[in-house]
Amino acid sequence: MPEFGKVVIFGTGLIGGSFALALKSANAVEEVVGFGRTPATLRHAQELGVIDRAGINPAHEVGDADLVLVATPVAQMQDIFERIEPYLGPETVVTDAGSTKQDVIAAARVALVGKIAQFVPAHPIAGAENSGPGAARFDLYHGRKVVVAPLDENTDETLDRVKRAWALCGADIYELAPAQHDRVFAAVSHLPHLLSFALVHDLAVREDRDIYFNFAASGFRDFTRIAASHPEMWRDICLANRTSLIGELDSYVAALAVLKEALQNADGDTLADYFGLARQARRAWNDTQERN
Numbered sequence: 009m010p011e012f013g014k015v016v017i018f019g020t021g022l023i024g025g026s027f028a029l030a031l032k033s034a035n036a037v038e039e040v041v042g043f044g045r046t047p048a049t050l051r052h053a054q055e056l057g058v059i060d061r062a063g064i065n066p067a068h069e070v071g072d073a074d075l076v077l078v079a080t081p082v083a084q085m086q087d088i089f090e091r092i093e094p095y096l097g098p099e100t101v102v103t104d105a106g107s108t109k110q111d112v113i114a115a116a117r118v119a120l121v122g123k124i125a126q127f128v129p130a131h132p133i134a135g136a137e138n139s140g141p142g143a144a145r146f147d148l149y150h151g152r153k154v155v156v157a158p159l160d161e162n163t164d165e166t167l168d169r170v171k172r173a174w175a176l177c178g179a180d181i182y183e184l185a186p187a188q189h190d191r192v193f194a195a196v197s198h199l200p201h202l203l204s205f206a207l208v209h210d211l212a213v214r215e216d217r218d219i220y221f222n223f224a225a226s227g228f229r230d231f232t233r234i235a236a237s238h239p240e241m242w243r244d245i246c247l248a249n250r251t252s253l254i255g256e257l258d259s260y261v262a263a264l265a266v267l268k269e270a271l272q273n274a275d276g277d278t279l280a281d282y283f284g285l286a287r288q289a290r291r292a293w294n295d296t297q298e299r300n
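All residue numbers for the sequence shown refer to my numbering, where the first residue is 9 and numbers rise by one.
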């Protein structure tokens with residue numbers, strides 16, 4: 009018998025759709041019901057087997073659901089929490105897949121009120137440039153990290169249900185406090201996206217941009233791959249985590265100032281030391297990734 013009866017997913021694109029496909033692949037769910045912004049998207053998700061059927065009214069779906077996953081851009085989550093709150097069954101667990109945690113938790117506390125103990129914040133560390141149900145993959149989370157940021161109100165049973173769901177998707181589960189989560193991901197995820205968008209934008213608005221893009225090769229491709237990511241989603245993430253992100257951006261600007269001064273002074277020693285430390289750290293990180 010599958011571990012989950014009904015799973016309801018808001019947002020049936022890459023993240024939510026891959027969650028559904030992973031549970032289906034593991035024979036861990038009886039039925040997946042999807043909600044989305046357009047009927048066409050939901051029809052596509054159903055045709056691809058991502059969901060079993062499209063939901064029409066949350067009032068008819070969330071009361072008997074074992075798990076509700078909110079996998080939309082973070083700015084949309086409070087509205088969804090408000091929509092489902094009156095109809096949540098006492099045994100239904102709600103989780104999210106947002107890239108920021110403090111803002112999502114604040115939104116959940118406003119919207120879910122007395123049912124906040126049923127909400128377990130989470131963040132799967134996986135993604136791709138493409139979006140929509142067609143981008144969903146059953147193996148997206150295999151060997152990937154999922155961070156759970158538990159609330160004090162969560163019971164062990166509620167927390168375990170969310171961890172178990174992601175484990176069935178093939179993920180490795182970690183815990184971080186919400187504030188720590190946002191600081192870490194401002195540095196290692198949100199800032200790189202901001203920088204990638206900035207570089208591509210800088211070239212794209214030049215009158216002679218075609219010649220730059222014509223000669224761009226692997227280094228440019230690797231550095232800017234994430235600039236092909238969903239603009240709306242990353243707008244919401246950057247705004248939601250702006251305090252931590254501004255701090256990381258300040259640190260990066262200070263680092264660039266050091267490099268600029270070294271260039272102005274033709275200071276090769278400083279450049280070599282800077283590059284050497286970065287190379288050593290990058291290689292050590294890469295070795296760790298390969299071992300894992």
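The C-beta atom is built at its ideal place from N, Cα and C for all residues, glycine as well.
Determine the direct distance from the alpha carbon of residue j to that of residue i, and round the result to whole angstroms.
i    : j    : result
N222 : P10  : 52 Å
P198 : W242 : Note on identity: in this sequence residue 198 is His, with Pro being the wrong assignment. Straight-line Cα distance between these residues: approximately 8 Å.
G130 : G24  : The amino acid at residue 130 is misidentified as Gly; the sequence shows Ala. Straight-line Cα distance between these residues: approximately 13 Å.
L22  : I133 : 12 Å
A262 : A286 : 16 Å
I219 : L211 : 10 Å
T296 : A236 : 27 Å
L148 : G276 : 43 Å
P98  : N65  : 19 Å
L267 : F283 : 10 Å
R291 : Q272 : 28 Å
R45  : G106 : 17 Å
Q188 : D281 : 30 Å
E165 : E183 : 16 Å
N294 : A224 : 24 Å
S226 : D216 : 20 Å
T80  : A274 : 48 Å
E38  : V213 : 50 Å
Going by C-alpha to C-alpha distance, which of the options sits closest to residue i?
i    : options                : result
D160 : H198, I113, A144, A179 : I113
Q84  : C177, V192, T108, N65  : T108
P186 : Q110, T163, G140       : Q110
G42  : I17, A48, A28          : I17
L176 : V154, R291, K123       : V154
E240 : L202, A274, A280       : L202
K123 : G140, G151, A143, E90  : E90
D87  : A116, V70, S204, E269  : A116
L96  : R214, V118, G106, H68  : H68
I181 : H150, H209, R191, Q188 : H150
D60  : T46, T80, K32, R45     : K32
R250 : F283, S139, V192       : V192
H238 : G135, I64, A48         : G135
A200 : F228, G106, T232       : A quick correction: the sequence has Pro, not Ala, at residue 200. Nearest C-alpha to P200: T232.
A48  : G63, E38, A36, V37     : G63
R229 : R214, V208, E215       : V208
E298 : N35, E38, R152         : R152
Does the beta-carbon distance from residue i to residue j come in below 8 Å?
i    : j    : result
G19  : V78  : yes
T103 : V170 : yes
A30  : F146 : yes
A73  : V15  : yes
L75  : A173 : yes
V58  : A28  : yes
L279 : A289 : no
L247 : P141 : no
D190 : S139 : no
For residue i and residue j, which I take to be in contact (beta-carbon distance under 8 Å), what is that distance rounded to the nearest angstrom?
i    : j    : result
V82  : I254 : V82 to I254, Cβ: 17 Å. No contact.
A125 : N162 : 6 Å
E256 : A179 : At roughly 26 Å, the Cβ-Cβ gap does not stay under 8 Å, so E256 and A179 are not in contact.
S259 : I234 : Not a contact, Cβ separation roughly 19 Å.
S26  : A144 : 5 Å
L120 : E93  : 5 Å
For this session: Report the residue ranges of all alpha helix (DSSP H) runs contained in full by the stretch 170 to 210; include only those spanning at least 4 residues, in chain order.
Result: As far as the stretch 170 to 210 is concerned, its whole alpha helix (DSSP H) runs of at least 4 residues are 186 to 193.
Exercise. Where in the stretch 79 to 112 do unbroken runs of the alpha helix (DSSP H), each at least 4 residues long, occur, reported from the N-terminal end onward?
Worked result: The DSSP assignment places complete alpha helix (DSSP H) segments of no fewer than 4 residues inside the stretch 79 to 112 at 85 to 92, in order along the chain.
Problem set entry | Entirely enclosed beta strand (DSSP E) segments - the stretch 129 to 159, minimum 3 residues | Segments of the beta strand (DSSP E) lying fully in the stretch 129 to 159: 130 to 132, 153 to 156.
For this session: Please specify which runs of the beta strand (DSSP E), each continuous and at least 3 residues long, are wholly inside the stretch 33 to 87, giving them in chain order.
Result: Taken in chain order, the whole beta strand (DSSP E) runs of length 3 or more contained in the stretch 33 to 87 are 37 to 43, 75 to 78.
Problem set entry | Minimum length 3: unbroken beta strand (DSSP E) runs contained in the stretch 229 to 276 | Positions of the beta strand (DSSP E) runs, each at least 3 residues long and wholly inside the stretch 229 to 276, cannot be given because no such run exists.
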